[in-house]
Every structure is written in C-alpha cells, then in structure tokens.
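In the order they appear, the protein sequences are chains D and L. In terms of my numbering, the first sequence opens at residue 12 and continues consecutively. In terms of my numbering, the second sequence opens at residue 481 and continues consecutively.
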Amino acid sequence: MTWTHNFAADSFPTGSDAFQHKHLLGISSLQKWEILYILKEAEHWVALNRSGPAKHDGRLSGMTIINAFFENSTRTLLSFEIAGKRLGADVVNMHAAQSSVKKGETLIDTAMTLNAMRADAIVIRHASSGAVQLISGKVDCPVLNAGDGSHEHPTQALLDALTIMRRKGAVEGQIVVICGDVLHSRVARSNIFCLKSLGAEVRVVAPPALMPYGIAAFGAQTFSNFDDALPGADVVMMLRLQNERMQGDFIPSPREYYHLFGLDERRLALAKPDALVMHPGPMNRGVEIASNVADHIERSAITEQVEMGVAVRMACLDILTRKSRGVEGWA
Amino acid sequence: MTLINIINGHVQLPGADKAEAMSLQINDGKISSFGTPIDHAVELDATDLLIAPGIIDLGVFKTDKPAFRFGGITRAALMPDQSPVHDDPATIRYAALKGKPDLWVHPLAAATKDLAGSQMAEIALMKEAGAVGVATGRKWIGDSGIMLRIMRYCAALDLPVIVHSEDAGLAGNAVATESETATLLGLSSASPVTEALAIARDLMLAEESGAHVHFRQVTTARSLDLIREGKAKGLRISCGITPGHLFLSNNAIIDFRTFARLSPPLRDESDRLACIAAIADGTIDVIASGHDPRGPEDKRLPFSEAEPGMAGAETLLALTLNLVRDEIITTGRLFELLATNPARILGLKAGVITEGFEADLILVDPYAPWQVDSNRMTALAGNTPFNKIPVQGRVRHMLKGGKVVTA
Chain D
12 MTWTHNFAAD
22 SFPTGSDAFQ
32 HKHLLGISSL
42 QKWEILYILK
52 EAEHWVALNR
62 SGPAKHDGRL
72 SGMTIINAFF
82 ENSTRTLLSF
92 EIAGKRLGAD
102 VVNMHAAQSS
112 VKKGETLIDT
122 AMTLNAMRAD
132 AIVIRHASSG
142 AVQLISGKVD
152 CPVLNAGDGS
162 HEHPTQALLD
172 ALTIMRRKGA
182 VEGQIVVICG
192 DVLHSRVARS
202 NIFCLKSLGA
212 EVRVVAPPAL
222 MPYGIAAFGA
232 QTFSNFDDAL
242 PGADVVMMLR
252 LQNERMQGDF
262 IPSPREYYHL
272 FGLDERRLAL
282 AKPDALVMHP
292 GPMNRGVEIA
302 SNVADHIERS
312 AITEQVEMGV
322 AVRMACLDIL
332 TRKSRGVEGW
342 A
Chain L
481 MTLINIINGH
491 VQLPGADKAE
501 AMSLQINDGK
511 ISSFGTPIDH
521 AVELDATDLL
531 IAPGIIDLGV
541 FKTDKPAFRF
551 GGITRAALMP
561 DQSPVHDDPA
571 TIRYAALKGK
581 PDLWVHPLAA
591 ATKDLAGSQM
601 AEIALMKEAG
611 AVGVATGRKW
621 IGDSGIMLRI
631 MRYCAALDLP
641 VIVHSEDAGL
651 AGNAVATESE
661 TATLLGLSSA
671 SPVTEALAIA
681 RDLMLAEESG
691 AHVHFRQVTT
701 ARSLDLIREG
711 KAKGLRISCG
721 ITPGHLFLSN
731 NAIIDFRTFA
741 RLSPPLRDES
751 DRLACIAAIA
761 DGTIDVIASG
771 HDPRGPEDKR
781 LPFSEAEPGM
791 AGAETLLALT
801 LNLVRDEIIT
811 TGRLFELLAT
821 NPARILGLKA
831 GVITEGFEAD
841 LILVDPYAPW
851 QVDSNRMTAL
861 AGNTPFNKIP
871 VQGRVRHMLK
881 GGKVVTA
C-alpha cells in the first residue's frame, strides 16, 4: 500500500516552526502534530534512500554527530550512523566498552567531555531510565534518545508508526497488539504513547510479572491471555524477551513463555487476515516468534521497520539541527 | 555559674497546647525557674519568639552541625550507617563525643556486624560506650531468627530497636513505589505492601520478645493500620516519619528528580494523606529529618543509580510548622513529636522545658518567611526535594545546656 495519509493545512500550528523541542528525549512529551511532522519529513528520506546508489544529501556537511552508546547495540547504532552519513555529517561512535566510563568517570563528566568536543548532535543510548535527559541538561547541542533503560526509545516508535502508516494507510483506527516483556520495554512505552497519540487502539499482552503497574492509565487495554487480545488486530508487535529474564525470575522457562506468548501461525490466524507482524529486533526465534511468521513475505514488516528506521533518524537529525544550521524559519 | 533570664517570650511547656507568655531562668546550664527574675542574670530578649525544647532528631545519617544549628536540633541520634559502620564500642564512643559541647550526638548501635544482617554486633558493650538504641540501618533484616534474637537481647538490655521496614524480596532493586509515575518513567518499582509486610513480621517479633521496637519510617495506610492494632494490643512500639513522606507524593520524582529519591520511596497521594491523618490521631510518635546530605557524586546520576536520601535538618521545623498552621496538631503536640517523644524513646532526660532539665532550647520566630534553596543550604549538601518552596519558621537562637550556640 502506498502513502495515503493526508496532512491537512491545519495539521500544524501557524506562526512558528513545526518542532520546537531542542532534544528528542521521548514521545510522551510530543504533540500529535509534532509526531506527524517527523513522519512526513521521514517520508522524503525513504524516497532518497531508495533512489539508487548515490543516496547522499549534504545538508549536515561539516557537522559532527557523536553516537554515545553506553549500552550495546548493533542495529540502532548502525542505523543512526548511516542516517548521519547520508546527510553528510561526520559521525563518530563511542562505545561504553572502550570508553572511560569503565574507568569510573561519571556520566556527567563524560557528557561534558563530549560537549567540549563541539558535537553538533549527540545520540545516546544508556541502560538507566532518565540518563539521556540528565545529559541533555548539560550539553549545548541537541540530544537524541536512542533508548534509555525502560523509559523511552522514541525513534523506534516513530519508525514503527511510519511502517504502519505506509502499510495500512494510517495509524488512526488501527488495532495494535503489543506482546511481551512490557515491564522492561522502552519500545513498548514509546509505542503506546505514539500509537495512542495518533489514534490507534492499543492492546498490551504480557505475563503478569512483566506487566507494568497502571499501564491502562496510558490508554492501553491489558491482557494476560494472548489469544484473547488477537481478534480484530491489524498489527501484532512482538517484543524481545531478554535472556536474563527467562531463567525463572519472571517466567519459568523460554519453552513455557513460547507456549503462552509466542506468535505462531495458529495465533496469527486469530488476527485479521492481513494483520501485520512487527518486531523491533533482534528476534529470539522460537522464544517470542516462530520463524515462519517472522519470515512471512506478506505479513512480516520486520525488515521494512529497519528501512524506516534510517529514514526516521535522518528526519530527526535534520529537524533538530535546523536551528544551528540557520535554516530559514528555524533559526 | 551563668545566669540567663529569657524575657518577653512565649514558653512551650509540656502538656500545654500552645506557648504561654512567661520568662524563663537558666542557672548553671539548667532550667531553674519560670517568672522569677534573678539578679545579675544575662537577659535574652525573646519578643515575638516561641521558646521550645531543642529538637531531638531521631535517626540522622551525618553529624552536620551547621545544618542542625540552622534547624534547631540540639541532639541527634546518629544512624550506624557510617564509614566504618558503628558496630563496635570504639566508633560509638567517638561518635558520642564528636558534637560536644554544642550538639549532643546519641549514637545508635548497629544491630548486626557491618550491618550485614547476619551476625549480632556487641550491643551491650556499645551501650556502655554510649549507644542509646540499636538500629538495623538503612536495610531490613531478612532473617527472622536473627531479628528475634536481637529483639530479645535488646529487651533484656532495655534498649530500643530502631528498624527499617522494607521486605527485601518484594523491594528487590526498586527505586520507586509502584505507580503510574514509575511506569511512565520506566523505573523499577515495588508495591507499597513491601513496608506493611515487614512491619507485620516485626510486630509479631516485638510481641514475642517484649522489646521496644521503633519503626523509624512508616509511610503507608496499611502499615499505619498495623501500628494502630499493635498499639491497641499494648505492644511497646512507636513509629516515626520524615517531612518527605508527609508533604510529598511520588509525583515529585517526575523528570527523574533524584533529590526526591528516598528510602522508602515516596508513596501515592492516598498514602500521604493517611500519614497526615496518623499525625492527627496520634498514631505517629516522632517526626525526624532523616538528614542524609548527599553531594552531586551521589545525586547527579540517573535516577536508579543515585543514592536515596534527603538533607532534611534545616527544613524539619519550618515544614512541620505547617501542620500547626493547617490545624492538624497543636504547637504543643508538634514539640512532642520533635523532642519529647524521641527523648522518651531513647531514654534521654531531655525534650521538655521543665525545671532541673538541661537548658536545650530554641527560640523560634514561627512566622518568619524564607525560601528553601538547595544552592544556599548550610548542610553538607543541598539535596532537598523541597527546593524553592516558600516556608515559614526560623530559629533565632539556640541554647544547648544553657549556652548560646552560634552558627
């Protein structure tokens, strides 16, 4: 399906730029029109990324982007790196494993160091909720949250929304089922805020020990039985179950988890016939998702999510650096 | 021999709802008379001031003289959570001498060696060295067998056992109370029943052992109900709270404010209101500061990596005077909570203004307005969750043993 979402003239407020935040820390602080603006901008980058071998736009030329990853990541780091490079920026990656963080330097000191290197944008992933917000208060340049603890992962939610929009035509009115370790999931939180803001119906499924308190207050319906949540679903979004939580503390075993919460063909058949399967990756095949479902050529949008990730991150980097680049109307 | 005559003030006498106009005389460091001027006395003018017993702060984590002076604290019971841990007579003896003469530190002995919760510390020797009570420290003792033996031992030695109440299994690595706020912020959280469960066990052990158990911080409706039941049964129990849990609920942690990271964590509004009700009905015996100054190395961190605790000594009196202004309690009751009851629990001859007692007094302007400012505190660190709020009540003079303590 192609892009059918229309932006009415009054979708955005008049008289100022469309995205007034200095940083991108989370979805919960964004207005609906701000989310839509990023998605609209990202659409442009999807086209560029598909345009052939010369996928380059030099607008961030000369700028330095630091990807400071205090927690291991492959795909998000790579996605941000590619996004920055396609926009022409000089991108450097800092891995916690090879940084002075291991030598006992505090997070604030690390942030001040990065700031002194005159980065034009800093992308941060950290294992503690709130760490990215803490750093954002200490540096001069825009900060993008690439995932902080169990708090938020805004670019993931944006790329998921873009994927759903492109495949389903709109997010509004869609029934989205999110299943897995919701308690520890920043992806789930950001997605709930984003999807609810855009008008989707969100159903959350988790084992009792992995369901956060009070999630219904954010507008999601909660289920402990996966089968009960699936009828009518337009999108089934599976979450990764961390290895360390499979060994008896939260669930008895991966086998039992798969029995109750794994997405297989039988369960997928309970959703709408054209229901989309999504996963933020990396997947545990056979733990939360069956291989044939993950690889289903029409139903699975998992690789498309990765593609949208680059476009969304390009859009975010572009928007957040407009002020410092002196883009007309943004300075 | 120093003679002091404090004139023109209002004196808060024990048992009275509010302070009454009278003069007060001090002879040789002790309160000697009321309304009988003595010759050759130094006069101290207390016009518009309330003369109250010096605050006895039950359970501080640092000896912080400037903050105590600001807050009107003349005696403080020091928690054993020090470096090194106060689990032997030498450290207790040292701590007891540290503040004198203008501040009396009453050390609390660690219940177990290194506060590890497994081996009993030398409690009797520490009592002889000056310990006025035994404390479990920041943590709960999970082993019920050890806890019962400690209580029985302390009952025999006539020492109060001051406990922290959080079931360790339920608390896990939680940094907040289970709530929508904690879920929104993605912080690990634990049910408020964590506290009630720990209190339920220790009430049973208190009954079993006959020990005097003081629950240092009781912060939920369910816990307070258990305390009420225990008191109705006639158990030798008492309980306390700090202004954090009386005046803040867990939405104070929004924006990952580490100054509002406390132990136990802040509760929801219904529990906070239950705490206020328990102040009104007399269930809560003590209000303490929980003074725990923490610098940026402990607080300027991601929320779950930051240490819990607040610097509370300076704001204790000004904040709790709100309870009087809001007509929840009388001035007389406030100083029972701040001074009389802590003294009684710790077995100190202090905490009331009466003839023959040490002249530990504060002269308070209860209406003086000021603003809490974490950047301008006299404490070792300014980690207050009450930053920028306007308060009323300022200590103008403090006397310890009849001597004026200067800042």
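Ideal Cβ placement from N, Cα and C applies to all residues, glycine included.
>> Using a Cβ-Cβ cutoff of 8 Å, what residues of the stretch 646-667 of chain L are near chain D? List them in chain order.
In response: E658, S659, E660, A662, T663, L664, L665, G666, L667
> Which word fits K33 of chain D, buried or exposed, when buried means at least 16 other C-beta atoms lie within 10 angstroms of its C-beta?
Replying inline: exposed
>> So, for M319 of chain D: in the same chain, excluding its five sequence neighbours on each side, which residues have a beta-carbon less than 6 Å away from its beta-carbon?
In response: L170, L173, T174
> Would I146 of chain D count as contacting chain L if we go by Cβ distances under 7 Å?
Replying inline: no
>> Using a 10 Å radius around the Cβ and a threshold of 16 neighbouring Cβ atoms, would you call M559 of chain L buried or exposed?
In response: buried
>> Quick check on Y224 of chain D: does DSSP put it in helix, strand or coil?
In response: coil
> Of the residues L:I642, L:S729, L:H490, which one's Cα is nearest the Cα of F695 of chain L?
Replying inline: L:I642
>> Rounded to the nearest angstrom, what separates N104 of chain D and A65 of chain D at their Cα positions?
In response: 23 Å
> Apart from the five residues just before and just after T15 of chain D, which ones in its own chain have a Cβ nearer than 6 Å to its Cβ?
Replying inline: Residue confidence is low: T15 of chain D scores 46 on pLDDT, short of 50, so the model does not pin down where it sits. Its coordinate-derived value is still stated next. Cβ neighbours of T15 of chain D beyond the five flanking positions: G180.
> Using CA coordinates, which residue listed in L:V852, L:V585, L:A591 is at the minimum distance from G610 of chain L?
Replying inline: Checked all of L:V852, L:V585, L:A591; the closest Cα to G610 of chain L is L:V585.
> Unbroken alpha helix (DSSP H) runs of length 4 or more, entirely within the stretch 650-688 of chain L: which are they?
Replying inline: 660-665
> Tell me the DSSP bridge mates of D159 of chain D?
Replying inline: D:H137, D:E163
> Out of L:Y633, L:M790, L:Q851, L:L860, which has the shortest C-alpha to C-alpha gap to A686 of chain L?
Replying inline: Of all alpha-carbon atoms in L:Y633, L:M790, L:Q851, L:L860, the one lying nearest the alpha-carbon of A686 of chain L is that of L:Y633.
>> Please report whether the beta-carbon of A343 of chain D lies at a distance below 7 Å from any beta-carbon of chain L.
In response: With chain D covering 12 to 342 only, the question about residue 343 of chain D has no answer from this structure.
> Under 7 Å, do M631 of chain L and A691 of chain L count as touching if we go by C-beta distance?
Replying inline: yes
>> Which residues in chain D have a C-beta closer than 8 Å to the C-beta of F783 of chain L? List them in chain order.
In response: S139, S140, G141
> Which residues, in chain order, does the stretch 739-757 of chain L contribute to contact with chain D at a C-beta distance below 7 Å?
Replying inline: Correct list: empty, as no residue qualifies.
> Roughly how many angstroms separate the alpha carbons of L588 of chain L and G551 of chain L, rounded to a whole number?
Replying inline: 21 Å
> Would F866 of chain L count as contacting chain D if we go by Cβ distances under 7 Å?
Replying inline: Chain D places no beta carbon closer than 7 Å to that of F866 of chain L, leaving this residue out of the contacts.
> Taking the alpha-carbon positions, what's the Q253 of chain D to P293 of chain D distance?
Replying inline: Taking the CA atoms as reference points, Q253 of chain D sits about 10 Å from P293 of chain D.
> Can you find a CB in chain D that lies within less than 7 Å of the CB of F695 of chain L?
Replying inline: no
> So, helix, strand or coil for L145 of chain D, using DSSP?
Replying inline: helix
>> Going by DSSP in three states, T800 of chain L sits in which element: helix, strand or coil?
In response: Here T800 of chain L sits in helix by DSSP.
>> Which of the three DSSP states is assigned to M12 of chain D in this structure?
In response: In this predicted model, M12 of chain D has a pLDDT of only 37, less than 50, meaning its place in the structure is not dependable; the value taken from the coordinates is given anyway. If DSSP states are grouped into helix, strand and coil, M12 of chain D belongs with coil.
> In chain order, which continuous runs of the alpha helix (DSSP H) of length 4 or greater are located wholly inside the stretch 65-134 of chain D?
Replying inline: DSSP runs (the alpha helix (DSSP H)) wholly in the stretch 65-134 of chain D: 86-97, 118-127.
> Near E291 of chain D, which residues of its chain fall below 6 Å by C-beta distance, leaving aside the five closest residues on each side in sequence?
Replying inline: Note on identity: in this sequence residue 291 of chain D is Pro, with Glu being the wrong assignment. For P291 of chain D, where only same-chain residues beyond five positions count, the Cβ hits under 6 Å are Q167, V198.
>> Is there a Cβ of chain L sitting closer than 7 Å to that of G225 of chain D, yes or no?
In response: yes
> For H877 of chain L, which residues does DSSP report across the bridge?
Replying inline: For H877 of chain L, which the question treats as bridged, DSSP gives the partners L:L843.
>> Taking the alpha-carbon of M325 of chain D as reference, which of D:Q42, D:L36, D:V57 has the nearest alpha-carbon?
In response: D:V57
> Quick one: what's V614 of chain L bridged to in DSSP?
Replying inline: The partner list for V614 of chain L (beta bridge, DSSP) reads L:A589, L:V641.
> What distance in whole Å lies between the Cβ atoms of F237 of chain D and F272 of chain D, which are believed to be in contact at a cut-off of 8 Å?
Replying inline: 5 Å
> Of all the residues that make up the stretch 665-686 of chain L, which are near chain D by a beta-carbon distance shorter than 7 Å?
Replying inline: L665, G666, L667, S669
> Are D705 of chain L and A678 of chain L close, meaning C-beta to C-beta below 7 Å?
Replying inline: no
> What separation, rounded to the nearest whole angstrom, lies between the Cα atoms of M12 of chain D and F736 of chain L?
Replying inline: Any answer about M12 of chain D is weak, because its pLDDT of 37 lies below 50 and its placement is not dependable; what the coordinates show is given next. Roughly 42 Å separates the two Cα atoms.
>> Please tell me whether S235 of chain D has its Cβ less than 7 Å away from any Cβ of chain L.
In response: no
>> Can you confirm whether H67 of chain D, when its beta carbon is compared against all beta carbons of chain L, has any partner nearer than 7 Å?
In response: no
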